[in-house]
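Numbering (the working numbering), first residue to last: 1 to 238.
Each residue gets a CB set at the ideal place from its N, CA and C atoms; glycine is no exception.
Since this is a predicted model, take the numbers as computed values, not measurements.
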Ligand code: URA
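If you want it as structure tokens, here you go:
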């Protein structure tokens, strides 16, 4: 791989920035300053550094974002705010996908990656990747209604949902675990028993838990271990 491609793939430097950095003697490979941006490198074997700092090559990046209200999980929202505005803009050229969209007013865990297979698998209805949410309702809910939802609900348009787990933590608050991801699913499920979601936050997705120390609107890379769990989890078929 060319040196300038390595820097652009790791979102460190654009190709023209790499050419400038090489001319300025800021780039080294295995300790030797390289002035030619077309120099061939093997990211697995060579130690490549910019300004003396080793740049690690990762085939894929995985990001955990704590989504605040008011942001949409899509590539464009005319005149509105999108989740990609909340991450390092340099990463956008890596071709990122949001795994499992949240509604504009839903908060919490969003995984963003350039690993298209993992993103696709995370969303595939065949894989039943589980997602956990904390919710608050407008009104108290009966055990009978909870059991209806747990067993699989029929939504207003006739759509059937799969069985799910629901645990109430208060009169109007609880935790729900889904193994599928239909459009506005939780809101539509509770609407089907005459209730209303007034707050919804995703706390887990595909084996990854939202980092409690990550404030809303902030992001971080998944750790190596979390990245492996996420990729592996999404390969399974339940
Ligand atoms: N279900 C919903 O209704 N909304 C979400 O954002 C996620 C699940």
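- By the beta-carbon neighbour count (other beta carbons within 10 angstroms, threshold 16), residue 196 is exposed.
- Checking the 6 angstroms criterion, the Cβ of residue 184 is within range of a heavy atom belonging to the ligand URA.
- By the C-beta criterion, the region 42-49 is judged not to be in contact with the region 77-90, since fewer than 3 inter-stretch pairs fall below 8 angstroms.
- Burial check for residue 75: the Cβ neighbour count within 10 Å stays below 16, so the residue is exposed.
- Note: residue 71 is bridge-paired with 81 in the DSSP secondary-structure output.
- Excluding five sequence positions before and after residue 229, the CB atoms of its chain that fall closer than 6 angstroms to its own CB belong to 207, given in chain order.
- Using a C-beta cut-off of 8 angstroms, the region 56-64 makes contact with the region 217-227, since at least three inter-stretch Cβ pairs fall below that distance.
- Distances from the CB of residue 154 to the heavy atoms of the ligand URA are all 6 angstroms or more.
- The beta carbons of residue 177 and residue 132 sit closer together than 7 angstroms.
- With contact defined as three or more Cβ pairs closer than 8 angstroms, the region 156-164 and the region 175-193 are in contact.
- Restricted to the region 100-142, the alpha helix (DSSP H) segments that are unbroken, complete and at least 4 residues in length are 116-123, listed in chain order.
- Taking non-hydrogen atoms of the ligand URA into account, the C-beta of residue 59 is found less than 6 angstroms away from none of them.
- If you look at residue 165, you'll find it in the beta strand (DSSP E) that goes 165-168.
- Distance from the CA of residue 19 to the CA of residue 4, rounded to the nearest whole angstrom, comes to 7 angstroms.
- Judged by their CB atoms, residue 28 and residue 49 are nearer to each other than the 7 angstroms cut-off.
- Counting only the Cα atoms, residue 37 lies some 43 angstroms from residue 103.
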